[in-house]
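Letter by letter, the sequence shown follows residues 1 to 643 in this note's numbering.
No residue lacks a Cβ here, since even glycine has one placed at the ideal position from N, Cα and C.
To keep things clear, I will list the structure first and then write my remarks on it.
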Amino acid sequence: MSLKRALHLLVLGVMLAALFAACGDNTATTAPAPTTAAATTAAATTAAATTAAATTAAATTAAATTAATTAAATTAAATTAAATTAAATTAATTAGAGGASDVIENVKMDGTSGKKGGELVLAFAGQGPSQLNPYYAGETVAVNNIRMIYSYVIGQSNNAKYYAYTVSEVPTLDNGDVVVNNNKMDITLKLKPNQKWSDGSPLTSADYKYTWQWVTSPDNTGLYIDTTAWNMISGVDTPDDNTVVLHFKQVYGPYLNFLNGFYPLSSKVYPLDQIKNDPSKSPEATKPTLTSGPFKVDEFVADDRITYSRNDNFSWAWGFNAYLDKVVFRFTKDANSAVAALQSGDIDEVENLDDNAVDANTKIAQASNAKFDIAPQFSWEYLQFNLSNPLFQDKNVRLALLEAIDRDALVKQFRTPKTVVLPVNCNPISAFCNQSLKPYPYDPENAKKLLDAAGWTVGSDGIRAKGGQKLSFTLSSTTAPVRVSTAEVMLQYWKAIGVDAKFQGYSSTQYFGPWANDGILAKGKFDIGMFAQSADVDPDGGAGNYYSTQIPTDANKGNGANYGRISDPAIDKGFDTEKSTVDIAARKAAFSSIYQTLYDKVYEGALYTRVNNYIVSNKVHNYKANPTTDANLWNVVEVWVDQ
């Protein structure tokens, strides 16, 4: 979708609110935006999460107030960021693709040990996708299905690293496939030879070039994806059938994320002269006839099932075609229905199960000749301080509220054994995270001292006050049971240090609603929010949550996802730096600086990671859970089943 179009933004916001309402839990995710790469998320408790908009915006009065309150600190932070930027720039000119091994790996699919035939049936708790066009569909469940039928330039593995898919190597500075000259950039895609469409016709460099022309057509106004990188391309050369050269007008740091979402399309089924007819409504959107992935669509029954059969013209990708004859995605109304179907032997895999049902699901798996497991995700829970509220403009208050919470106890009570308490909002499985940071400890005594130092003294009623104002606020979230239960425990932790806090629950539609619909987060009508957030291997997708220009305001009609109203020059500079270099070591240094600032200033209260609880039948082999948006069937070509 072109996020520059306000009408489409409004429509997206309404759709998102409805989708969040369908979830048993709430997860806000980083979205397509002119300043950020697209990022999607894993599902909440029983359904797929979707994406919230993050587009360009202007600084706000609230942000200015916050910035003024912390001017000295942010100036110091900006100075630190400048030094970091200088160091990163030096690294960019001397280190080649430095650090590439941390984020890139060589993947080979197993084409020898499996058995041909059989079918795999999966259940997804929630609604099915509305369509399967990779540039129009945005739901997580849609992406999972799209990657069954469309190939893409580079993938993300179960190790949270990029790997070559339709190309022979991941383009980097070191291998010469990425060339930077005078702030412009060329990327050469060395395609694997003999690529074919599902009908056996040649898939060549011309198709990749055509896809760029199709995506960037002025008539293509319904796109869901972030078009930032696409529109940075000034031209595409195709010197031969197996070579594509992308000419960028400027350096684009998160280019690997862009290539992960580059799916070739054919002009035969998506002609340019038909774009005005809305490709999302074409029969090709639900039952595409010309695809390039390991499977092809046989049947699409909305919100019930999608049936795929093997594409026997896919061996060009990995040297063999898929083992499975068929894959069936079934969509159930909730997790209980999906588990019941597994128990009866109707399905082979179900995921996104409740965190608080680990013991029950383990027993169900054992009784069903299956395995229950917990996989990490690029998703986390946190507290969002509204920095436009004077109560939270003092770092000591924010840190005290965080240190008063026993996050390990919350994990034990409400989450899973593989849930990890976090120092900042970045899952440590990403190489871009600042691995040196450690979570602030549970220390209620220090929390009391911090509040004392900030001038908040305990009154006769046990509640702290300062200048006649009580330390009283509202914690908000959705009305999902796990939210309400977690909030009740948090309120008790805060009461123990003299804080008067109440809880307010909202429907997902209202809580995550767009500015035009008076959304709680968008409008800033909260004190502290509690929800989940997601990014991908490359955290650039989360930039819209932190840029000062992404604060929703009347002036920008609510376009932005910086709900915390964070305004810090050091953070802005860090994201500017990571976007302007393709050197991986330099980008990691920029992200490290960003996370250090977030940690030091405690602009957010990071809680813990989210996970994916799933059950898979023991008859399924080579099933490798994947924490990225490539999802658990990223390697479906090598998955096989006992028959």
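Check your understanding: Under a three-way DSSP split, which group does D174 fall into?
Key -> Three-state DSSP puts D174 in coil, outside helix and strand.
Point to revise | Short Cβ contact (7 angstroms threshold) for I571 with Y546 | key: Taking 7 angstroms as the Cβ cut-off, I571 and Y546 qualify as a contacting pair.
Check your understanding: Pick from A322, K249, N425: whose alpha carbon is nearest that of A606?
Key -> Among A322, K249, N425, the Cα nearest to that of A606 belongs to N425.
Exercise for review: Give, in chain order, every unbroken run of the alpha helix (DSSP H) that is at least 4 residues long and sits entirely within the stretch 111 to 192.
Suggested key: If one requires a minimum length of 4 residues, the alpha helix (DSSP H) runs lying completely within the stretch 111 to 192 are 140 to 149, in chain order.
Practice item. For Y308, name the three-state secondary structure that DSSP assigns. Key: The DSSP-derived three-state label of Y308 is strand.
**Study point:** L402 versus K418, Y382, S388, residue with shortest Cα-Cα distance
**Key:** Of the residues K418, Y382, S388, the one whose Cα lies closest to the Cα of L402 is Y382.
**Study point:** Euclidean distance between Cα positions of F385 and L633
**Key:** If I take the Cα positions, the gap works out to 37 angstroms.
Point to revise | For G558, three-class secondary structure by DSSP | key: G558: coil per DSSP, three-state reduction.
**Study point:** Best match in N635, K363, T211, Q413 for proximity to N145 [C-alpha to C-alpha]
**Key:** The residue with the shortest Cα to Cα distance from N145 is N635.
Practice item. Could you tell me whether the stretch 300 to 309 touches the stretch 260 to 277, using the rule of 3 or more Cβ pairs below 8 angstroms? Key: Here the stretch 300 to 309 does not lie against the stretch 260 to 277, with fewer than 3 beta-carbon pairs under 8 angstroms apart.
Practice item. State the start and end residues of the unbroken alpha helix (DSSP H) segment that holds N231. Key: For N231, the enclosing alpha helix (DSSP H) covers residues 228 to 232.
Practice item. Take the Cβ of G544 as the centre, count every other Cβ of all protein chains shown within 10 Å, and call the residue buried at 16 or more, exposed below. Key: Per the 10 Å Cβ criterion, buried.
Review point. Can you tell me the Cα-Cα spacing of Y252 and T204, whole angstroms?
Key: Here the alpha carbons of T204 and Y252 stand approximately 25 angstroms from one another.
Practice item. Within its chain, find whatever has a CB closer than 6 angstroms to the CB of A625; leave out the 5 residues flanking it on each side and keep chain order. Key: Closer than 6 angstroms at Cβ, skipping near neighbours: A375, N632.
Review point. The alpha helix (DSSP H) spanning E403 covers which residue range?
Key: Residues 395 to 403.
Exercise for review: For A137, I'd like the list of residues in its chain whose CB is within less than 6 angstroms of its CB, leaving aside the five on either flank, ordered along the chain.
Suggested key: If you ignore the 5 residues before and after A137, its C-beta comes within less than 6 angstroms of the C-beta of P129, Q131, all in its own chain and listed in chain order.
Review point. Residues in its own chain within less than 8 angstroms of E646 by CB, not counting five upstream and five downstream?
Key: Because the chain here runs from 1 to 643, residue 646 falls outside it and cannot be looked at.
Check your understanding: Taking the alpha-carbon positions, what's the A338 to A357 distance?
Key -> Each residue's alpha carbon lies about 14 angstroms from the other.
Point to revise | Closest Cα partner of E284 within the set P134, K192, Y224, L342 | key: The shortest Cα separation from E284 among P134, K192, Y224, L342 belongs to P134.
Point to revise | Within the stretch 475 to 545, ranges of the alpha helix (DSSP H) (whole runs, at least 4 residues) | key: DSSP runs (the alpha helix (DSSP H)) wholly in the stretch 475 to 545: 481 to 495, 508 to 511, 520 to 523.
Review point. Taking the DSSP output, what are the residues bridged to K588?
Key: Its beta-bridge partners do not exist; DSSP assigns none.
Practice item. Let me know the beta strand (DSSP E) ranges lying completely inside the stretch 208 to 271, each 3 residues or longer, listed in chain order. Key: Counting only runs of 3 or more, we get 233 to 240, 243 to 248.
Exercise for review: Please classify G605: does DSSP put it in a helix, a strand, or coil?
Suggested key: Collapsing the DSSP output to three states places G605 in a strand.
Practice item. Let me know the secondary structure DSSP gives L383 once reduced to three states. Key: If DSSP states are grouped into helix, strand and coil, L383 belongs with the strands.
Exercise for review: Check L342 in the structure and name its three-state DSSP category.
Suggested key: Of the three classes helix, strand and coil, the one that applies to L342 here is helix, per DSSP.
Check your understanding: In its own chain, which residues sit with a C-beta less than 7 angstroms from the C-beta of N369, not counting the 5 before and 5 after it?
Key -> Counting only Cβ-Cβ distances below 7 angstroms, and skipping sequence neighbours, we find S617, N618.
Check your understanding: Should the stretch 413 to 425 be regarded as contacting the stretch 435 to 443, the criterion being three or more beta carbon pairs within less than 8 angstroms?
Key -> Under the Cβ criterion (8 angstroms, minimum of three pairs), the stretch 413 to 425 counts as touching the stretch 435 to 443.
Check your understanding: Which residue or residues does DSSP assign as beta-bridge partners of R407?
Key -> Beta-bridge pairing links R407 to no other residue.
Exercise for review: Please look up how many angstroms separate the CB atoms of Y263 and Y150, rounded, as I've assumed it's under 8 angstroms.
Suggested key: Rounded, the Cβ-Cβ distance is 4 angstroms, consistent with contact.
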